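There are 2 protein chains.
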Amino acid sequence: MELDDRKLKILTAIIQNYLETGEPVGSRTISKYTDLNLSSATIRNEMSDLEELGLIIQPHTSAGRIPSDRGYRLYVDMMLKEKEDELNNLKVELNAKSERLDTILKEAAKVIADSTNYASMITVPKYRTKKIKFIQLTQVDFSTLLCVVVLDGNLIKNMMVPCDEELPKEALLKLNLMMNTFLQGLDMQEINVSVMQKLRNEANEYSALISNILDAIAKCLEDQGVEAYTSGSTNIFKYPELNESGKASNLLYALEEKKELTDLMYKEGDSNRGIQVYIGEENPIEATKDCTFVTATYHIEDGVYGKIGILGPRRMDYEKVVGTLRNLMNELDGIFGKE
Amino acid sequence: MELDDRKLKILTAIIQNYLETGEPVGSRTISKYTDLNLSSATIRNEMSDLEELGLIIQPHTSAGRIPSDRGYRLYVDMMLKEKEDELNNLKVELNAKSERLDTILKEAAKVIADSTNYASMITVPKYRTKKIKFIQLTQVDFSTLLCVVVLDGNLIKNMMVPCDEELPKEALLKLNLMMNTFLQGLDMQEINVSVMQKLRNEANEYSALISNILDAIAKCLEDQGVEAYTSGSTNIFKYPELNESGKASNLLYALEEKKELTDLMYKEGDSNRGIQVYIGEENPIEATKDCTFVTATYHIEDGVYGKIGILGPRRMDYEKVVGTLRNLMNELDGIFGKE
DNA sequence: TATTAGCACTCATTCGGTTTGAGTGCTAAC
DNA sequence: GTTAGCACTCAAACCGAATGAGTGCTAATA
Numbered sequence: 001m002e003l004d005d006r007k008l009k010i011l012t013a014i015i016q017n018y019l020e021t022g023e024p025v026g027s028r029t030i031s032k033y034t035d036l037n038l039s040s041a042t043i044r045n046e047m048s049d050l051e052e053l054g055l056i057i058q059p060h061t062s063a064g065r066i067p068s069d070r071g072y073r074l075y076v077d078m079m080l081k082e083k084e085d086e087l088n089n090l091k092v093e094l095n096a097k098s099e100r101l102d103t104i105l106k107e108a109a110k111v112i113a114d115s116t117n118y119a120s121m122i123t124v125p126k127y128r129t130k131k132i133k134f135i136q137l138t139q140v141d142f143s144t145l146l147c148v149v150v151l152d153g154n155l156i157k158n159m160m161v162p163c164d165e166e167l168p169k170e171a172l173l174k175l176n177l178m179m180n181t182f183l184q185g186l187d188m189q190e191i192n193v194s195v196m197q198k199l200r201n202e203a204n205e206y207s208a209l210i211s212n213i214l215d216a217i218a219k220c221l222e223d224q225g226v227e228a229y230t231s232g233s234t235n236i237f238k239y240p241e242l243n244e245s246g247k248a249s250n251l252l253y254a255l256e257e258k259k260e261l262t263d264l265m266y267k268e269g270d271s272n273r274g275i276q277v278y279i280g281e282e283n284p285i286e287a288t289k290d291c292t293f294v295t296a297t298y299h300i301e302d303g304v305y306g307k308i309g310i311l312g313p314r315r316m317d318y319e320k321v322v323g324t325l326r327n328l329m330n331e332l333d334g335i336f337g338k339e
Numbered sequence: 001m002e003l004d005d006r007k008l009k010i011l012t013a014i015i016q017n018y019l020e021t022g023e024p025v026g027s028r029t030i031s032k033y034t035d036l037n038l039s040s041a042t043i044r045n046e047m048s049d050l051e052e053l054g055l056i057i058q059p060h061t062s063a064g065r066i067p068s069d070r071g072y073r074l075y076v077d078m079m080l081k082e083k084e085d086e087l088n089n090l091k092v093e094l095n096a097k098s099e100r101l102d103t104i105l106k107e108a109a110k111v112i113a114d115s116t117n118y119a120s121m122i123t124v125p126k127y128r129t130k131k132i133k134f135i136q137l138t139q140v141d142f143s144t145l146l147c148v149v150v151l152d153g154n155l156i157k158n159m160m161v162p163c164d165e166e167l168p169k170e171a172l173l174k175l176n177l178m179m180n181t182f183l184q185g186l187d188m189q190e191i192n193v194s195v196m197q198k199l200r201n202e203a204n205e206y207s208a209l210i211s212n213i214l215d216a217i218a219k220c221l222e223d224q225g226v227e228a229y230t231s232g233s234t235n236i237f238k239y240p241e242l243n244e245s246g247k248a249s250n251l252l253y254a255l256e257e258k259k260e261l262t263d264l265m266y267k268e269g270d271s272n273r274g275i276q277v278y279i280g281e282e283n284p285i286e287a288t289k290d291c292t293f294v295t296a297t298y299h300i301e302d303g304v305y306g307k308i309g310i311l312g313p314r315r316m317d318y319e320k321v322v323g324t325l326r327n328l329m330n331e332l333d334g335i336f337g338k339e
């Protein structure tokens, strides 16, 4: 049996109706609310075919039909193709490059959640190579040093390092110079024993302090898993089918824990610049098997990228989501890309 | 009618039983599971009295009794008195003063949520006077300045400030010196027009840059509401009475939005060093009227304090919560206090 | 006088059965 | 190929009886 044009139209009608209502849709509805001018009986025949093709399912005998994961998949694929070079012009309210990265990201997550009405999640860029661009040591008070590390892409990390005594100005200057000459341009993997040895040799009397500082830096930069912000998790409650029994609870837990979701997002790496869609059972995470999870990648510079994810019901407004994501990605690329 | 000792014992028994089960407790249960050796009939009489005193209520005729807000209040007050100088010895797994403040706080929120099984929230200390302790400007690349501001209590803020040109080393040094001499020890309120004017005069050719920097600092320090972290919000699902109908959704929303809750926490200021308990209707926030909200204050130094809140069902294990909070407060005071 | 046993009563919850109505599949006619 | 008509299915809504936990009251008891 072939999937002809009429069948496709009916499938689309079913999906769109289901997206709106969340209820199984029957033949009569389609017959009435499309311009196909077909009787419900004919629609029924077609539906029967579509079911045989595995694109729609009946939750139970004598109920209407709902799209199957395969059905959604077809729909989404069609739409992604259509959207390929189109552009949505939602104006994201992100301003000023001078804002701090995390503020921007939190804001972005919120914008997405608010404009789509689904739950969103955004990760702080993962630095494949966290190259050190700049280090600055400063004495804050007599027993504390402030160490600021700027990484590629202007990601700033700072940490307090305890020290025993007030350092003379010249010593501080020297330390700063040393740190920068030895460490600039390196990433954590490259700070190996020999580099550390050299540094400590140069530092002579402050070698203990240097160790402390390096430890602090290492701790700060080490792969503590991916940092991520979520927003709009309570939007989940807007969709009854996610709200029933214990489902919402598991979803929210997944959003709070974040790990599973970020792992999934990063599985694809940055190679795939496009948008990834996991529909229902396609979703490898147990808690989200009733959801659709859409992920996208934004880029700061080569090898530095973060992920955005949107979690909502199967009946997600794919057009809007994809549009919003495309848009936000452009915004982010614009904000970060021109540095 | 008097609240004699026996009545008090029965009330306590009712509350404790209800805390465990979450179900209305009947006379027979009390009669069997206490060492009072009274028949259920007697208990019934006493219960009837307790109800008249407004300490317990019947959700409906022929159901058992549950504590009223007043009943809880009595119980909590008794308990707080008992606990006054006792000390719980849960070992909080917070280490190293060198950790960054936000990491510690996130960790603390998590510890609390995990060990109590309620939702927790912790605020980043609010600086009544955000005095500037130290400012450091550094050129990160040819068009970006990094500005690090250290506030009293070693709270670090950093921001990127765009600039048009690469500044000569001496200029940067001068700017740094100026900023520190003029701004050190001031808080945002004190940076008024005259100070800014003076700064700009000194800076002459860089006066535009100075304006940018001051803007960035102001933006960064301005009262953007209180920052707060939550943890364990999904614990809410563990309590059926909070889970029914739309309640959980509202609660989670409140926890996500945070504002209302932090406002409430800060209403008390830091004057009250003790623990504050809002039971059910005592709670001014609509969404949490079915909950108990326990808040505590931790101190970093004079005028610098943060809040911890625990949100759970009315039938909260008050002993444990108060114990845990006391303990955590000590830990935090210990970590921050010795600076 | 305080306590208790006994009993009638209340009412939320559970369970089985019926009704309703949306929706299907099939068949025969167009 | 399309449609009208009809028998059939089944989830959900509705209804009422049974269940049982728990109460309040009363009369007997210590």
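Protein chains in written order, with my numbering: chain V, 1 to 339; chain B, 1 to 339. Backbone N, C-alpha and C define an ideal beta-carbon position, used for all residues, glycine too. All of these numbers come straight from a predicted model, not from anything done at the bench.
Residue i classed as buried or exposed, judged by whether at least 16 other C-beta atoms fall within 10 angstroms
i: V:Asp-4; result: exposed
i: V:Ser-194; result: exposed
i: B:Asn-37; result: exposed
i: B:Gln-136; result: buried
i: B:Glu-86; result: Because the pLDDT at B:Glu-86 is just 43, under 50, the model does not fix this residue reliably, and the point stays unresolved.
i: V:Ala-254; result: buried
i: B:Pro-125; result: buried
i: B:Thr-21; result: exposed
i: B:Asn-95; result: Note on B:Asn-95: pLDDT 37, under 50, position unreliable in the model; no value is reported.
i: B:Gly-306; result: buried
i: B:Glu-190; result: exposed
i: B:Ser-62; result: exposed
i: B:Phe-142; result: exposed
Cβ pair residue i, residue j closer than 9 angstroms
i: B:Glu-286; j: B:Asn-250; result: yes
i: V:Gly-274; j: V:Tyr-72; result: no
i: B:Thr-262; j: B:Ala-228; result: yes
i: V:Ile-15; j: V:Pro-67; result: yes
i: B:Leu-264; j: B:Tyr-298; result: no
i: B:Val-277; j: B:Asp-152; result: no
i: V:Met-188; j: V:Gly-309; result: no
i: V:Glu-46; j: V:Ile-10; result: yes
i: V:Pro-168; j: V:Thr-144; result: no
i: V:Lys-258; j: V:Thr-230; result: yes
i: V:Ser-40; j: V:Ile-56; result: no
i: V:Thr-292; j: V:Met-316; result: yes
i: B:Arg-314; j: B:Asp-69; result: yes
i: V:Arg-44; j: V:Ser-27; result: yes
i: V:Leu-199; j: V:Leu-186; result: no
CB-CB length for residue i against residue j, believed under 8 angstroms
i: B:Leu-252; j: V:Thr-234; result: 5 angstroms
i: V:Ala-119; j: V:Gly-232; result: 5 angstroms
i: B:Ala-13; j: B:Thr-42; result: About 13 angstroms separates the two Cβ atoms, so there is no contact after all.
i: B:Ala-203; j: B:Met-178; result: 7 angstroms
i: V:Val-380; j: V:Gly-54; result: There is no way to answer for residue 380 of chain V, as the model of chain V reaches only from 1 to 339.
i: B:Glu-319; j: B:Met-79; result: 6 angstroms
i: B:Asn-158; j: B:Leu-175; result: Not confirmed; about 16 angstroms, so no contact.
i: V:Lys-247; j: V:Asp-290; result: 6 angstroms
i: B:Thr-116; j: B:Thr-324; result: 6 angstroms
i: V:Ile-217; j: V:Val-149; result: 6 angstroms
Bridge partner(s) assigned by DSSP for residue i
i: B:His-299; result: B:Tyr-305
i: B:Thr-230; result: B:Met-121
i: V:Cys-147; result: V:Leu-137, V:Met-159
i: B:Ala-292; result: The sequence shown places Thr at residue 292 of chain B, rather than the Ala named in the question. Answer is B:Ile-279, B:Gly-312, bridged to B:Thr-292.
i: V:Ile-57; result: V:Ile-66
i: B:Val-25; result: B:Arg-65
i: V:Ile-132; result: V:Leu-151
Chain-ordered residues of the stretch 144 to 168 of chain V with a beta carbon less than 7 angstroms from chain B: Thr-144, Leu-146, Val-148, Val-150, Asn-154, Ile-156, Asn-158, Met-159, Met-160, Val-161, Pro-162
Against chain V: residues of the stretch 225 to 258 of chain B by CB proximity under 7 angstroms: Ser-233, Thr-234, Phe-237, Ser-249, Leu-252, Tyr-253, Glu-256
Contact residues within the stretch 266 to 295 of chain V, judged by C-beta distance below 7 angstroms to chain B: none
Residues in the stretch 108 to 141 of chain B having any Cβ partner in chain V nearer than 8 angstroms: Lys-133, Phe-134, Gln-136, Thr-138, Val-140, Asp-141
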